[in-house]
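Asks: Could you have a look at this structure, given as structure tokens, before my questions?
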Amino acid sequence: MPTPPPTGPLVTRDSIARQLRLLGVETGETLLLHSSLSSLGWVNGGAVAVVRAVLDALGPSGTLVVPTQTGDQSDPALWSDPPVPEEWWDRVRATMPPYDPLITPSRGVGVIPETVRTWPGAVRSAHPQTSFAALGPLARDVTAGHAPDCRLGERSPLARLERLGARVLLLGAGYGACTSFHLAEYRIPAPRVEVGRPAPGGGWERVVEVSITSDRFDELGHDFERDRPVLRGPVGAADARLFPVADAVAYAERWLPLHRPREEEFPHPHD
């Protein structure tokens, strides 16, 4: 049975750039992009056209940042989609290639971040599980110094983006993908968890980290958009949203303790 023709809309580099400018993207600003290519319609040129369009809207003085997370750099005991047999776990831990910012592919964040990661001139932060990649004049400032025991907190690119006055662009992605909300989790009482991953020099290591989850982020985003100024508009077939990182973090700091309360006691994992 032949594949049916696409229903559109037909989306191009020029049309995306034009709609981003109409949305409010400004020349020279710094954007943290969360994206869904499939939501845009039929994009002539695919992810490459989208990245070019965002760079067109930002101009050469702007900086584009994307999450390039690598959730597979983790303990196989926690894998569920799909799981691996328990008898494999020790061998998987012993032989898992360590994170290399130059070659380890992103996972679970879509094709647009992976396109940015491999773009000429892109730089990437050092955290083996929650890295970010960036293009533009501030790319190194944003990605430098990502501490290995701070996934999405004060010593991550998120805090740097907040200080730089960056904005979030949700391009067909929902608030469940909004990593800025995670920075708030580091600023409120939160449990700690032990995280396993391949060690930089080979072998396996465990670090203690703040527990993070995207649970109820869609509800948080709904309330944030109701209470705070969020620019909204179409880009192709997608809904796009634009707002400051700092606004999202500050709102989440107030919302999370009220709507997603944690346990009162947060024992250390080794207690």
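Sequential numbering from 10 applies to the sequence shown in the numbering used here.
Just so it is clear, CB atoms sit at the ideal spot from N, CA and C, and this is done for glycine as well.
Since the model is a prediction, treat every value here as computed from it, not as a measurement.
#1: If you draw a straight line from the alpha carbon of L6 to that of P94, how long is it in whole angstroms?
#2: Going by beta carbon distance, what residues of the same chain come within less than 6 Å of T21, once the five residues before and after it are set aside?
#3: Kindly indicate which three-state DSSP category V60 falls into: helix, strand or coil?
#4: Could you name the residues of the same chain whose beta carbon sits closer than 6 Å to that of S140, not counting the 5 residues immediately before and after it, in chain order?
#5: Note down, in chain order, each residue of its chain lying with its Cβ closer than 6 Å to the Cβ of E272, except the 5 sequence neighbours on either side.
#6: Taking buried to mean at least 16 other C-beta atoms within 10 Å of its own C-beta, is I112 buried or exposed?
#7: Would you kindly work out how many angstroms separate the C-alpha atoms of A182 and D227, rounded to a whole number?
#8: Who are the near neighbours of P107 in its chain, counting only those whose CB is closer than 6 Å to its CB and skipping five residues on each side?
#9: With a Cβ-Cβ cutoff of 7 Å, do G68 and T36 count as a contact?
#10: Give, in chain order, every unbroken run of the alpha helix (DSSP H) that is at least 4 residues long and sits entirely within the segment 137-190.
#11: Could you tell me whether the Cβ atoms of Y116 and T79 are closer together than 7 Å?
#12: How big is the Cα-Cα spacing for S70 and P14?
#13: State the start and end residues of the unbroken beta strand (DSSP E) segment that holds P76.
#14: Report the residue from D158, T188, P18 whose alpha carbon sits nearest the alpha carbon of S44.
#15: Between the alpha carbons of Y195 and W128, how many angstroms are there, rounded?
Replies: Result, derived from the coordinates:
#1: Residue 6 is absent from the model: the chain starts at 10 and stops at 280.
#2: Position 12 of the sequence shown, counting from 1, holds the residue named residue 21. So the qualifying residues of the chain are N53.
#3: As a position in the sequence shown, residue 60 is number 51, starting the count at 1. If DSSP states are grouped into helix, strand and coil, V60 belongs with the helices.
#4: For the purposes of this step, residue 140 is taken as the residue at position 131 of the sequence shown. Excluding positions up to five away in sequence, the list reads T77, R133, S134.
#5: To locate residue 272, count along the sequence shown from 1; it is residue 263. With a pLDDT of 49 at E272, under the threshold of 50, the predicted position of this residue should be treated as unreliable, though the coordinate-derived value follows. Taken in chain order, the list of residues that qualify is empty.
#6: Within the sequence shown, the letter at position 103 stands for residue 112. Per the 10 Å Cβ criterion, exposed.
#7: Locating residue 182 in the sequence shown gives position 173, where the first residue counts as 1. Locating residue 227 in the sequence shown gives position 218, where the first residue counts as 1. Taking the straight line from one Cα to the other gives about 11 Å.
#8: Counting from 1 along the sequence shown, the entry for residue 107 is found at position 98. The answer, listed in chain order, is P207, P209.
#9: Walking along the sequence shown from the start, residue 68 turns up at place 59. Walking along the sequence shown from the start, residue 36 turns up at place 27. Yes; because the gap between Cβ atoms is below 7 Å, this pair is in contact.
#10: 148-152, 166-172
#11: As a working mapping, residue 116 is identified with position 107 in the sequence shown. As a working mapping, residue 79 is identified with position 70 in the sequence shown. Rather than Tyr, the amino acid found at residue 116 in this sequence is Arg. Cβ atoms of R116 and T79: closer than 7 Å.
#12: As a first step, residue 70 must be located in the sequence shown, where it is residue number 61. As a first step, residue 14 must be located in the sequence shown, where it is residue number 5. Each residue's alpha carbon lies about 39 Å from the other.
#13: Locating residue 76 in the sequence shown gives position 67, counting from the first residue. Run containing P76: 72-76, per the beta strand (DSSP E) assignment.
#14: Locating residue 44 in the sequence shown gives position 35, counting from the first residue. With distances taken between Cα atoms, S44 lies closest to T188.
#15: On the sequence shown, position 186 is the one that residue 195 refers to. On the sequence shown, position 119 is the one that residue 128 refers to. Roughly 31 Å separates the two Cα atoms.
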